[in-house]
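With the first letter of the sequence shown counted as 1, position 42 gets the number 261 in this note's numbering; the numbers rise by one all the way through. Just below is one structure, and these are the notes that go with it.
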Amino acid sequence: MVDSDRLASDRSALASSYDLVPYDSQPFAEAHPNYLGALGVLHGLDCALPSDCRVLELGCASGGHLVPLAWFHPGSQFVGIDLSDSQVRVGRELVDALGLKNCTLHAGDLSDFDPGPEGFDYIIAHGLYSWVSAPVRDAILALCRRALRRGGVAYISYNALPGWRMRGLTRDLLDWHLRGIADPLQRFRHAKALIDRIGSAVDTDAPSSYLEMEVSRILGNPPSYLAHEYLEPDNQAFLLQEFVDDASRAGLRYLCNADLSTGFPELYGSVGAVLSDLADDPVGREQYLDFVASRAFRQSLLCRDDEAPTTLDPRHLLPLSLLADLLPAPKLDLRRAKPQTFSSRDGTGFEVCLPLCKAAVAELAACFSRAVPCADLLGRAAQRVVARGDARHADASDEALDEIFSLVVLQHVEPCLESRDSTVNPCGLPRAITLAQRQAGLGWSHLATATHRCVELDEFSRTLVGQLDGTRDAAGLARFMAEWLQVHAGHGFTVQEHMPKHVQSQVSRLLKLFARHGLLEQL
């Protein structure tokens, strides 16, 4: 009886902490069914298409991940559960505003949740497993096994060892600093004040200690990250092998990490090669590599233990589609197998060698946010090589597939189970998609894009989205925003931002950004 009372008290305290400081609920592309299903197919599973599937999210918060999925996939069913009643109410507000009939959010304890007889193709538990007690962790794994359909994939993220030992330094500092303070809200306020004070003393261009780097990272995240990553009573990190063993006892089989690079020793230098050779199974190899990389976070994919996943094979890319958010391609050398540098939107550079692969990557760069079927992509790339390079390289599809696979492993190219075309050009009278209008109107901090990324909003961009109703052209929108800025002068906007040319430039930039991310309607 004492144990059950204690568990009930712990769960009540956890719910209250999220009511006091709501989690900043956002979409995360790594847990999109399109990506999870693609990784399943790469391992030989027969996964359900995102357009016709059932998805369960455990710890759904206010639905920032789940609700956009439901809006973009009206033929699928989405169910979420969270302990925080206030967060679920926020999510239901968005569901109701969108008029969704395929998304249900429950407030309650997942340990008592009945998933029903239909089961789910995808089960997501992001930012949950490490932050709950052992009985709840057992319930998460048991629920995944009970509810996961054949061909299904479960995604569970958690803090990982050994890397979390270093990150735990900041948690220990805060725990000591807050000694004697019991009230959760006061603990958060004092912790935030300490982090801000340390941050003001950090040289952000060259932090000199691990603590300084960690504080800079915390300040780059929403305040809710500080509250729930560092101040919750439960925060348990695990070795990969520990997690896999627990999952195995629950009837689940480890598939891979969402970041496939964690399983490739050749990416971790000579030490990675030496240590991985000591392992006699893939999980052991990844565990050794976690020590080399000092990995602090994992996103593990699981399937049922009656599945028989295969090893990764580049040929399994052929039935999939590919997506890449890249800067415009440089002038291509399609005559020689010579390395050429491409760049992701975040500035990360990477080299591509084969002419056919260079042509394929250039095609992807030109059509984001559309995922292109891999077979079609290779065909279009071959045509480009024949037209602009050496035709002898156009037939090297097997070699190009190997190089494309390496780009998938390094996360420069994203595999998708299903193709989707959401790219639009800004039209004369731009109109935001309903999801964007409702998120902006309800005061959300971001917009969820067609590829399940985030476009962060400030007051200027949020106000602009509210005016994208198809009644104004770009010039009219710029005039409206210039007038809005005049009214809001002195509220965080500089004199330059009031200048008409600057406003016009900002409106034009945002319209292009919204269009590229599929946030404007096809007219």
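Think of the CB as a built atom: it goes at the ideal place given N, C-alpha and C, for glycine as much as any other residue. Keep in mind the model is a prediction, meaning the values are calculated, not measured.
is_contact[residue i, chain D] using C-beta, thresh 9 Å
| i | result |
| --- | --- |
| Val706 | Any reference to chain D falls outside this structure, which holds one protein chain only. |
Contacting residues, own chain, Cβ-Cβ under 6 Å from residue i (five flanking each side not counted)
| i | result |
| --- | --- |
| Ala743 | With the chain represented from 220 up to 742, any question about residue 743 goes unanswered, as that position is not in the structure. |
| Arg681 | Ala659 |
| Gly256 | Cys266 and Leu636 |
| Leu479 | Val628 |
| Gly335 | none |
| Val632 | Leu541, Ala543 and Leu626 |
| Gln455 | Ser349 |
| Arg390 | Tyr449 |
| His612 | Pro574, Leu575 and Val604 |
Residue j beta carbon less than 9 Å from that of residue i
| i | j | result |
| --- | --- | --- |
| Tyr341 | Met385 | no |
| Leu459 | Ala353 | no |
| Glu433 | Leu388 | yes |
| Cys635 | Tyr254 | yes |
| Leu520 | Ala477 | yes |
| Pro162 | Pro252 | Because the chain is modelled from 220 through 742, residue 162 falls outside the range shown and cannot be assessed. |
| Asp509 | Gly382 | yes |
| Cys522 | Leu264 | yes |
| Ala548 | Val502 | no |
| Gln192 | Val274 | In the structure as shown, the chain begins at 220 and stops at 742. Residue 192 is therefore absent and cannot be evaluated. |
| Gln518 | Glu249 | yes |
| Gly310 | Gly278 | no |
Own chain, CB closer than 7 Å to residue i, minus 5 neighbours either side, in chain order
| i | result |
| --- | --- |
| Val221 | Since pLDDT at Val221 reaches only 42, below the 50 mark, its modelled position is unreliable, and the value read off the structure follows with that caveat. Excluding residues within five positions, none has a Cβ falling inside 7 Å. |
| Ala590 | Ser540, Leu541, Leu542, Cys635, Ser638 and Arg639 |
| Leu450 | Leu393, Arg406, Phe407 and Ala410 |
| Gly598 | none |
| Ala600 | Leu575, Ala578, Ala579 and Glu582 |
| Gly294 | Ser270 and Asp271 |
Three-state secondary structure (DSSP) of residue i
| i | result |
| --- | --- |
| Val495 | Correcting the residue identity first, residue 495 is Ser in this sequence and not Val. Correct three-state label for Ser495: helix. |
| Arg728 | helix |
| Val421 | coil |
| Tyr473 | strand |
| His447 | helix |
| Phe516 | strand |
| Asp301 | strand |
| Phe457 | strand |
| Val632 | coil |
| Gln245 | coil |
| Arg406 | helix |
| Arg681 | helix |
| Val221 | Note on Val221: pLDDT 42, under 50, position unreliable in the model; the coordinate value appears next. DSSP places Val221 in helix when its eight states are reduced to three. |
| Leu620 | helix |
| His736 | coil |
| Asp688 | strand |
| Leu537 | coil |
| His721 | helix |
| Glu433 | helix |
| Arg504 | helix |
| Leu661 | coil |
| Leu277 | strand |
Other residues of its chain near residue i: CB distance less than 8 Å, five sequence neighbours each side excluded
| i | result |
| --- | --- |
| Ala411 | At residue 411 the sequence reads Lys, which differs from the Ala that was named. Within the same chain, Lys411 has close Cβ partners Pro442 and Leu445. |
| Asp552 | Gln559, Pro574, Lys577 and Gly608 |
| Gln506 | Leu458, Leu459, Gln460 and Ala498 |
| Val511 | Tyr487, Gly488, Val490, Gly491 and Leu494 |
| Ala358 | Leu329 and Ser330 |
Integer Cβ distance of residue i from residue j, believed to fall under 8 Å
| i | j | result |
| --- | --- | --- |
| Ala498 | Leu545 | Between Leu545 and Ala498 the Cβ distance is about 35 Å, and since that is not below 8 Å, they are no contact. |
| Val351 | Asp453 | 6 Å |
| Cys322 | Ala289 | 4 Å |
| Ala651 | Leu687 | 4 Å |
| Leu360 | Leu258 | Not really, about 19 Å apart at Cβ, beyond 8 Å. |
| Gly737 | Thr668 | 6 Å |
Residue i beta carbon near the ligand MG (any heavy atom closer than 8 Å)
| i | result |
| --- | --- |
| Ser305 | For the ligand MG, the structure offers nothing, since it holds no ligand at all. |
Alpha helix (DSSP H) runs wholly inside the stretch 332 to 400, at least 4 long, in chain order: As for any alpha helix (DSSP H) of minimum length 4 sitting wholly inside the stretch 332 to 400, the runs are 353 to 366 and 383 to 396, ordered along the chain.
Residue ranges of each beta strand (DSSP E) within the stretch 552 to 612, 3 or longer: Segments of the beta strand (DSSP E) lying fully in the stretch 552 to 612: 559 to 562 and 568 to 571.
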